[in-house]
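Visitor: Numbering (the working numbering), first residue to last: 14 to 104.
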Amino acid sequence: FSIMVGIKFKTLGQLMLRYESEGRESFQFDNIDDEFFKRFKEFVRQESNASIVESYIALDEIGDRYVNALKSFMKWSYEKGFHTNDSYKAN
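What follows is the structure, encoded as structure tokens:
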């Protein structure tokens, strides 16, 4: 992994923890689907002014960037056999 990829996944982890800590749904492999991605994307966009999200990224790109990172993690963990949820493949 490059340094930038590592930073992106670290930031994704921070966003996921914040999402859960604010009383939203928890991250469980079986619960992640297209509707979940839509809710998480909106949350990330709302967090765009928070210090954990890079300020140089356009608002429209922020949600997509971290949803795509989460989908990459879902793919990796699916291929490793950590779960059987393949709904991350939609869209």
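Backbone N, C-alpha and C define an ideal beta-carbon position, used for all residues, glycine too.
Using the Cβ count rule (16 or more neighbours within 10 Å means buried), how would you classify VAL18?
Guide: As a position in the sequence shown, residue 18 is number 5, starting the count at 1. Exposed, because fewer than 16 other Cβ atoms sit within 10 Å of the Cβ of VAL18.
Visitor: Going straight from the alpha carbon of ASN44 to that of SER34, what length do you get?
Guide: Position 31 of the sequence shown, counting from 1, holds the residue named residue 44. Position 21 of the sequence shown, counting from 1, holds the residue named residue 34. Approximately 17 Å, taken between the alpha carbons.
Visitor: Rounded to whole angstroms, how far is the Cβ of LEU25 from the Cβ of ALA82, which I believe are closer than 8 Å?
Guide: Residue 25 sits at position 12 when you count from the first residue of the sequence shown. Residue 82 sits at position 69 when you count from the first residue of the sequence shown. Contact between LEU25 and ALA82 holds: CB atoms are separated by about 5 Å, below the 8 Å threshold.
Visitor: Check SER61 in the structure and name its three-state DSSP category.
Guide: In the sequence shown, residue 61 corresponds to position 48, counting from 1. Note: SER61 maps to helix in three-state DSSP.
Visitor: Would you mind reading off the limits of the alpha helix (DSSP H) that contains ILE16?
Guide: Locating residue 16 in the sequence shown gives position 3, counting from the first residue. Residue range 16-34 is occupied by the alpha helix (DSSP H) that includes ILE16.
Visitor: DSSP state of GLU74, grouped into three classes?
Guide: Translated into the one-based positions of the sequence shown, residue 74 becomes position 61. Note: GLU74 maps to helix in three-state DSSP.
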